[in-house]
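There are 2 protein chains.
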Amino acid sequence: MSTSDRLIESTRELLWERGYVGTSPKAILERAGAGQGSMYHHFKGKPDLALAAIRRTAEEMRATAAGVLDGPGTPYERIEAYLRRERDVLRGCPVGRLTMDPDVIANDELRAPVDETLDWLRERLAVIVEEGKEQGQFAAGLDGESIAATIVATVQGGYVLARASGSPAAFDAGVRGLLSLLAPRQSTRAL
Amino acid sequence: MSTSDRLIESTRELLWERGYVGTSPKAILERAGAGQGSMYHHFKGKPDLALAAIRRTAEEMRATAAGVLDGPGTPYERIEAYLRRERDVLRGCPVGRLTMDPDVIANDELRAPVDETLDWLRERLAVIVEEGKEQGQFAAGLDGESIAATIVATVQGGYVLARASGSPAAFDAGVRGLLSLLAPRQSTRAL
DNA sequence: GTCTATACATCGATAGAC
DNA sequence: GTCTATCGATGTATAGAC
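Quick look at the structure:
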C-alpha cells in the first residue's frame, strides 16, 4: 500500500471513530506511520485528505449496500437483508456520522459524497418498494420514496440509539419494528 | 441570568452546533461574555460544565416530548403529533447528536443523560403503542417496544438525512413513510 | 517523496491579583 | 466572583534539507 493510501486509510478510520473535528493531522500521521512532509506532499491539507477519505468510504458503503439490494429475493426479502445485514452497530455509520460534523456540513465539497450516497440509497430502496407494490407485496397506498426515507432513517437512527445505550439491542429493536410494519400482508411471520 | 447560567446556556448552544469535541472553553466564554476565571470558579473544567449543559438539554427535551405525548388524542394521534411537531430539523437533535461525540460516549457520566432521555422516550412511546393495540387501533401482532424504537430511530435518522441533503424534506418524508405504515387499519387517510 | 525543524494559534487548565 | 497572565501541549501548516 502506498503512503498516500495509508494516509487515506488512516484518515478513514479516524473520521469514523472521532469525526472530522476530532481528527488531527498528527493523529493521522502517527497511525499511517508517515511524517508531516508526506501528507502535505500528497494532499493540500486536512480538508483535501478528508475529502479523499470520505469519497472512498462513501463508495465502499454504496458497494456494500448494492451487494445486498441487488441480490436475490422478493422486494421485502431484499429490504430485510439490507436491514439485517451484519453491522458493527456501536461504531455507527461512517457516512451518516459525518452529518453531525459542523465543518463537514459547512463545506459543500465534503458534504457532497455524504449527500449523494444517502440519496442514492434512498432512490434504490424506493425502486424496490415500488416493485413490491406492483407485486402486491406492499400496500398500494404506500409511497416508495417516503418508505425508503423511513428505512434509511431507521438505520441511521438505530445507530444513535445503540450508541446512546452502549448496546446494539436498540438498533435491532428498531429494525424489528420496521420489518413488522413492512411485513407482507396477511402473513404473520416470526420476526 | 447568573454567570453560571450564561455559561451553561452558551455551552448548550455550542454543544448543539459543534458537539463536545468541537466546543472549546474559549468559545464558551466569548459567547457567555465571561472570563476564564468565572468558568473555573463555577465548574471543575470543560467536562463538568458540559455535564451541566447536557443535563439541562436532556431535561428540556424530555419535557417537550412529554408535552406532546401526554396530550389529548388517540395513541396514533399522539404519535403523529410527536412526529410532526415543529422542529428545527437542520439543527438536528441536541441530545442525539451527542452520541456521535467520541468523548461523550467514552465518559459514562456524560453519556448517562443521553441514554436516559432516549430510553425514557422509547418507554413512553412503547406504552402508547400498547394502548393503541388494546384499542384495536394497531395490529395486535406489533411489539410496543420495537415500534417505539423504530419511531425514535426514524426521528433521529431523519435528522441525519436532512442534514446530509441540506433540506428538511427527507426528514418529513421519513416521518410520512412511518405514519403511513402505522396508520390505523382500513382507514386510508391523506398523509 | 520523505524527513525534521520551525511557526504561530488555540486548547484546557492554573495562578494570583483585585 | 471575576479578571488577566501564564503554562505546556496540541493543531495545522510551511520551509528546507536529504
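Protein sequences, first through last, are from chains C and A. Position one of the first sequence corresponds to residue 1 (UniProt numbering), numbered consecutively onward. Position one of the second sequence corresponds to residue 1 (UniProt numbering), numbered consecutively onward. Glycine included, C-beta positions come from ideal geometry on N, C-alpha and C. No experiment lies behind these values; they were computed from the predicted model shown.
Tell me which same chain residues have a C-beta within less than 8 Å of the C-beta of residue i, skipping the five on either side of it?
i      : result
A/G33  : R6
C/Y40  : none
A/A52  : I8, T11, F43
C/E130 : G144
A/T3   : A32, A34, S38, H42
C/L178 : L83, T150, I151, T154
A/A58  : V95, P113, V114, E116, T117
C/P75  : I128, V129, E131, G132, Q135, Q137, F138
A/Y20  : A50, L98, D101, D103, V104, L110
C/M1   : E9
C/A66  : R124
Using a threshold of 8 Å, state whether the C-beta atoms of residue i and residue j are closer than that.
i      : j      : result
A/R56  : A/R122 : no
C/A149 : A/A183 : no
C/P102 : A/G174 : no
A/R62  : A/W16  : no
A/R176 : A/L90  : no
C/L49  : C/R31  : no
A/S180 : C/D88  : no
C/L125 : C/V152 : yes
C/N107 : C/P47  : yes
C/R97  : A/M100 : yes
A/L118 : A/V104 : no
A/T154 : C/T64  : no
A/I128 : A/I79  : yes
To which residues of the same chain is residue i closer than 7 Å at the C-beta, ignoring the five residues directly before and after it?
i      : result
C/C93  : Q156, Y159
A/A190 : Here the model assigns A/A190 a pLDDT of 46, short of 50, so the residue's position is not dependable and the matter cannot be decided.
A/A81  : V68, G71, G73
C/L161 : A170, F171, G174
C/P168 : V89, L90, A162
A/L29  : G35, Q36, M39
C/A140 : K133
C/I147 : V129
C/A27  : L14
C/G166 : none
A/E60  : none
C/E77  : none
For chain C, is any of its Cβ atoms less than 8 Å away from the one on residue i?
i      : result
A/T188 : With a pLDDT of 43 at A/T188, under the threshold of 50, the predicted position of this residue should be treated as unreliable, and no value is reported.
A/T150 : yes
A/V127 : no
A/G132 : no
A/I105 : yes
Would you say residue i faces chain A, with C-beta separation under 8 Å as the test?
i      : result
C/I28  : no
C/D115 : yes
C/G96  : yes
C/G73  : no
So which residues on chain C does residue i lean against when the C-beta distance must stay under 8 Å?
i      : result
A/P102 : E17, R18, G19, G22
Taking C-beta pairs closer than 8 Å, name the residues in chain A that residue i reaches, listed in chain order.
i      : result
C/I147 : G177, S180, L181
C/D88  : Result: empty, since nearest Cβ-Cβ is about 14 Å, beyond 8 Å.
Just the chain C side, please: which residues come within less than 7 Å of residue i by C-beta, in chain order?
i      : result
A/T99  : V160, R163, A164
A/D119 : S165
What does residue i reach in chain C if we use C-beta pairs closer than 9 Å?
i      : result
A/T57  : Simply none; closest approach about 14 Å.
A/A153 : A153, T154, V155, Q156, G157, G158, Y159, V160, L161, A170, F171, A173, G174, V175, G177, L178
A/G136 : Those within 9 Å of A/G136 in chain C number zero; the least Cβ separation is about 17 Å.
Considering only residues of the same chain and omitting the five flanking positions on each side of residue i, which have a CB-CB separation below 6 Å?
i      : result
A/L83  : V175
C/R18  : none
C/T188 : Low per-residue confidence applies at C/T188: pLDDT is 43, beneath 50, and the placement is therefore not dependable enough to give any value.
What in chain A is Cβ-close to residue i, meaning under 9 Å?
i     : result
C/A37 : The sequence given here places Gly at residue 37 of chain C; Ala does not occur at that position. Result: empty, since nearest Cβ-Cβ is about 27 Å, beyond 9 Å.
C/G92 : T99, M100
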